[in-house]
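In our numbering, the protein residues as written are 443 to 969.
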């Protein structure tokens, strides 16, 4: 097995070492920093590979990179999501209908109108020709209208998701996510499902796809025909033109399942190439924290200080009890903390998360359960306390609680007592750290790095065309893929056969059960 992996890795490395330089357009209209971290890592990897990369996003590079060009800066075109969500606001996302609705409308249909911007229209109507684009890379989350750039430029499209596969993604690439054992992003837990779990997966799959299609179908088709081309096909057909889909997934994250070749898992891609470093003052503080550091953040969007004051007070009281262990907390506006901080707590408005988690003194990560942070803690083998707030965070947290490297505290149960118990367990029970290191080993051990894997398949699609690895499942409707027509035919044949057999048996029974009626001869009277 080891020899096979080595041969495979060497083969891929050899192929990657000889390539043509291509021109690639990256279009990322959603302004979530946590999403863009993955996309930026991929585009930088392609640029370092020698390809000419043009990028449209809200996050231009701070440090210039050879072959990487930010051609359209969308920053300011919509309100920032950075440090802009309160606990009260995200509580609206607690239902499937609300979650899919916001994804489809706010982060989907609304973003399609960016194609009407003057700079966008210049690019659409007069794309570069020397050299022309060879490929388009765009996010599939809510705004699938940007897949239409491939139709306009007549090039293959690679879709990328910063999350694991949403149900509507699997549906348009022809990937068979069997709900009997493959949980979706809305299922809490792993693939070990009982009847109710399987029923819920089937229902949520169908509901999520139906709601998303209903909300985006006509709106995004209209936007594409308005801004891209009046004769462009319907959005559902445009989605099926995708040549390759890269998803931020891995068997350690969501279990083992079959996937079509056009679906490539790249989880960890943004971790392996990360070049962030700790600021000197923070590095010195962490180096001196010989008893360990607990790191607490609710991500790039949600404000810790928006928690109720009583909860914040309980959290910091709990932190005080674990001294001399130190605690690093990301809080944007410290003026909203109406009490003196414990001596072992340090507050920063921004923290370079990966270097913090990679530091040898980091012992526990308190997180909202965003997929990026989960992957980073997994990569560095850090046990976690998970406080899920919305979206896929509930699934992420539940999955790793089940795996044994995380303790879950629901927001309503977050208190001084619950945090005391969880911190004491993670700091003093080595089983959690042992499990974290084991899962980290599984996550890291791959025959080829996520970056090289992504680059290989992108170049493969450019060389061999959009149809080269597309699933034939796209030719069939859902009822044909489920073999309902075949099962109905088999059932018809069985019923017909049984009916014929029953009729034959009845005929035979009637035939042989009839006893001939003989008239007894009358005796003659003797005279």
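Here a beta-carbon is modelled for each residue, glycine too, at the ideal position from N, C-alpha and C.
Rounded C-alpha distance that separates residue i from residue j
i           : j           : result
residue 748 : residue 839 : 21 Å
residue 630 : residue 696 : 11 Å
residue 657 : residue 543 : 7 Å
residue 556 : residue 662 : 12 Å
residue 692 : residue 611 : 16 Å
residue 462 : residue 565 : 24 Å
residue 518 : residue 583 : 20 Å
residue 757 : residue 763 : 10 Å
residue 741 : residue 754 : 16 Å
residue 886 : residue 794 : 21 Å
residue 735 : residue 508 : 37 Å
residue 868 : residue 845 : 14 Å
residue 778 : residue 668 : 46 Å
residue 943 : residue 951 : 12 Å
residue 792 : residue 881 : 28 Å
residue 713 : residue 659 : 35 Å
residue 814 : residue 940 : 57 Å
residue 489 : residue 900 : 13 Å
residue 653 : residue 924 : 21 Å
Same chain, Cβ closer than 6 Å to residue i, neighbours up to 5 away in sequence not counted
i           : result
residue 761 : 769, 784 and 787
residue 892 : 708, 710 and 711
residue 849 : 827 and 864
residue 650 : 542 and 609
residue 444 : In this predicted model, residue 444 has a pLDDT of only 48, less than 50, meaning its place in the structure is not dependable enough to derive any value.
residue 496 : 467, 511 and 513
Enclosing beta strand (DSSP E) for residue i [first to last residue]
i           : result
residue 463 : Per DSSP, residue 463 belongs to no beta strand (DSSP E) and is neither H nor E.
residue 826 : 826-828
residue 581 : 577-581
residue 705 : 705-707
residue 496 : 494-499
residue 807 : 804-809
residue 515 : 510-515
residue 737 : 735-738
Chain-order list of residues whose beta-carbon lies under 7 Å from that of residue i (same chain, five-residue window excluded)
i           : result
residue 972 : Because the chain is modelled from 443 through 969, residue 972 falls outside the range shown and cannot be assessed.
residue 588 : 469, 471 and 580
residue 835 : 810, 811 and 812
residue 590 : 666, 670, 674 and 680
residue 615 : 684, 687, 702, 704, 705 and 913
residue 594 : 566, 670 and 671
residue 458 : Unreliable placement is indicated for residue 458, whose pLDDT of 49 sits below 50; the coordinate value is still reported in the next sentence. Contacts found: 894, 897 and 898.
residue 562 : 514 and 556
residue 547 : 657
residue 727 : 788
Cβ pair residue i, residue j closer than 8 Å
i           : j           : result
residue 464 : residue 553 : no
residue 675 : residue 647 : no
residue 683 : residue 908 : yes
residue 478 : residue 523 : no
residue 781 : residue 816 : no
residue 751 : residue 805 : no
residue 808 : residue 918 : no
residue 500 : residue 484 : no
residue 643 : residue 617 : no
residue 636 : residue 732 : no
residue 883 : residue 847 : no
residue 606 : residue 551 : no
residue 624 : residue 699 : yes
residue 718 : residue 796 : yes
Residue-chain proximity (residue i, chain C), Cβ-Cβ < 8 Å
i           : result
residue 918 : Here there is only one protein chain, and chain C is not present.
Residues near residue i by beta carbon distance below 8 Å, same chain, minus five either side
i           : result
residue 903 : 577, 598, 600, 685, 686, 910 and 911
residue 487 : 711, 715, 893, 896 and 897
residue 790 : 724, 770, 771, 772 and 773
residue 860 : 851
Delimiting residues of the alpha helix (DSSP H) encompassing residue i
i           : result
residue 852 : Careful: residue 852 lies outside any alpha helix (DSSP H) and carries neither H nor E.
residue 785 : Note, residue 785: premise wrong, no alpha helix (DSSP H); not H, not E.
residue 643 : 637-669
residue 531 : 529-532
residue 726 : 722-729
residue 860 : 858-870
residue 894 : 892-906
residue 564 : 560-567
residue 606 : Careful: residue 606 lies outside any alpha helix (DSSP H) and carries neither H nor E.
residue 941 : 926-955
Beta-carbon separation (whole angstroms), residue i vs residue j, contact threshold 8 Å
i           : j           : result
residue 655 : residue 640 : Contact doesn't hold; Cβ gap of about 23 Å is too wide.
residue 874 : residue 825 : 4 Å
residue 934 : residue 532 : So it is not a contact: roughly 51 Å between Cβ atoms.
residue 744 : residue 549 : That belief does not hold up - the Cβ atoms of residue 744 and residue 549 are roughly 16 Å apart, past 8 Å.
residue 480 : residue 604 : 4 Å
residue 759 : residue 858 : 5 Å
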